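Structure record follows, encoded as structure tokens.
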Amino acid sequence: MDNQEIGKNIVRLRKEHGLSQRELAERAGITHSAISSIENAKVSPSVSSLQKIVNVFSLSLSEFFTLEQPKSDEVKVVVAPEELVEMGSESVSMKLVTNGSKEQVIGFLIEEYAPHGTTGAAEIKHEGEEIGTILEGEITLEYKEQSFVLKQGESYIIDTTQPHKFTNHTDKACRMISAHTPTTF
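Just so we're aligned, residue 9 is where the sequence shown starts under the working numbering, counting upward by one.
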């Protein structure tokens with residue numbers, strides 16, 4: 009989903025819920041100008057900002073990014089690369105592996121952080137637990153007021169109800185995979 013589609017979907021949800029841009033901004037805890045810029049595709053929202061916005065509509069990021077997915081009674085067994093759902097921002101690619109089932113209980117992401125890419129200035133939190141492994145490069149995980157530098161081959165397990173943030177402080181891309189349950193991210 010590109011910035012234009014993200015903006016259009018936010019406008020649609022905002023109008024469906026009878027909110028002005030200012031009301032949405034206030035409920036999400038971000039500036040009115042940020043909402044306007046996101047809706048008009050002038051900026052790529054950070055993961056943390058987008059999470060705050062979609063939470064106003066009682067949606068997870070996964071649900072937001074699959075709103076436009078064609079509904080099918082057929083649950084996929086094999087998911088092709090072009091069927092992955094992009095949920096990231098300009099500096100962070102987060103590709104959701106989904107089989108199209110509403111009963112899917114685990115979320116699986118293939119992530120790539122560009123050099124100096126981050127999930128956002130603010131920490132994120134969501135219901136559940138998350139586990140991940142660094143495939144290439146390194147990433148800094150900020151969790152419970154501590155910083156952990158994870159290198160290739162290392163893994164993490166966190167309680168995602170606690171605020172957390174990922175940042176690539178290097179000049180090389182970082183690739184990782186992560187799984188979270190329930191699918192509330």
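All C-beta atoms in this analysis are idealised placements derived from N, C-alpha and C, irrespective of residue type, glycine included.
Fair warning: this is a prediction, and the values are worked out from it, not measured in the lab.
Within 8 Å, do at least three Cβ pairs link the segment 84 to 98 to the segment 161 to 177? Flag = no, the segment 161 to 177 and the segment 84 to 98 do not touch.
Within 10 angstroms of the Cβ of H134, are there 16 or more other Cβ atoms? Answer buried if so, exposed if not. Position 126 of the sequence shown, counted from the first residue, corresponds to residue 134. H134 sits buried, since 16 or more C-beta atoms from the chains shown fall within 10 Å of its C-beta.
Does the segment 135 to 142 come into contact with the segment 169 to 187, if we say contact requires no fewer than three beta-carbon pairs (one atom in each stretch) closer than 8 Å? Below 8 Å, enough C-beta pairs join the segment 135 to 142 and the segment 169 to 187 to call them touching: three or more.
Would you tell me roughly how many angstroms separate the C-alpha atoms of S155 and T148, rounded to the nearest one? Here residue 155 is taken as the residue at index 147 of the sequence shown, counted from 1. Here residue 148 is taken as the residue at index 140 of the sequence shown, counted from 1. So the two alpha carbons sit approximately 6 Å from each other.
Run through the segment 150 to 175 for me and flag every whole beta strand (DSSP E) of 3 or more residues, listed as ranges in chain order. Under the rule that a run must span 3 or more residues, the beta strand (DSSP E) segments found entirely inside the segment 150 to 175 read 154 to 159, 163 to 167, 172 to 175.
So, P89 versus K180, is the Cβ gap smaller than 8 Å? Here residue 89 refers to the residue found at position 81 when the sequence shown is read from its first residue. Here residue 180 refers to the residue found at position 172 when the sequence shown is read from its first residue. No; because the gap between Cβ atoms is not below 8 Å, this pair is not in contact.
Examine the Cβ distances between the segment 13 to 20 and the segment 49 to 59 and report whether three or more of them are shorter than 8 Å. Touching, yes.
Specify the secondary structure class of F73 as computed by DSSP and reduced to three states. Locating residue 73 in the sequence shown gives position 65, where the first residue counts as 1. Helix, per DSSP.
Suppose contacts are defined by Cβ-Cβ distances below 8 Å. Is E146 in contact with T178 by that definition? Translated into positions along the sequence shown, residue 146 becomes position 138. Translated into positions along the sequence shown, residue 178 becomes position 170. In this structure, T178 lies closer than 8 Å to E146 by Cβ.
Using the Cα positions of A42 and E76, report the straight-line distance between them to the nearest angstrom. Position 34 of the sequence shown holds residue 42. Position 68 of the sequence shown holds residue 76. Answer to the nearest angstrom: the Cα atoms are 23 Å apart.
Check whether the segment 27 to 40 touches the segment 55 to 64, counting contact only when three or more Cβ pairs, one atom from each stretch, lie closer than 8 Å. The segment 27 to 40, when compared against the segment 55 to 64, does touch it at the 8 Å Cβ threshold.
Taking E111 as the reference, give the member of D10, S70, N176, E120 with the closest Cα. Your numbering for residue 111 matches position 103 in the sequence shown. Taking only the C-alpha atoms, the option nearest E111 is S70.
Look up A36 in the DSSP assignment and say whether it is helix, strand or coil. Residue 36 sits at position 28 when you count from the first residue of the sequence shown. In the structure shown, A36 sits in a helix (DSSP, three-state: H, G or I).
Hey, could you find the ends of the alpha helix (DSSP H) I14 is sitting in? Reading the sequence shown from its first residue, position 6 is the one you call residue 14. Per DSSP, I14 belongs to the alpha helix (DSSP H) from 11 to 24.
Ordered list of beta strand (DSSP E) runs contained in the segment 66 to 136, each at least 3 residues: Complete beta strand (DSSP E) runs here, min 3: 100 to 105, 115 to 121.
Assuming the contact rule is C-beta atoms closer than 8 Å, T189 and E153 should be a hit. Round their C-beta distance to whole Å, please. Numbered from 1 along the sequence shown, position 181 holds the residue referred to as residue 189. Numbered from 1 along the sequence shown, position 145 holds the residue referred to as residue 153. 25 Å between Cβ atoms; not a contact.
Using the Cβ count rule (16 or more neighbours within 10 Å means buried), how would you classify V100? Against the sequence shown, residue 100 aligns to sequence position 92. Buried is the label assigned to V100, since at least 16 other Cβ atoms lie within 10 Å of its Cβ.
Would you kindly report the start and end of the unbroken beta strand (DSSP E) that includes S186? Here residue 186 corresponds to residue number 178 of the sequence shown, with the count starting at 1. In the DSSP annotation of this structure, the continuous segment of the beta strand (DSSP E) that includes S186 starts and ends at 182 to 189.
Based on the DSSP secondary-structure assignment, which residues constitute the bridge partners of E144? Start at 1 with the first residue of the sequence shown, and residue 144 comes out as number 136. Answer is R183, bridged to E144.
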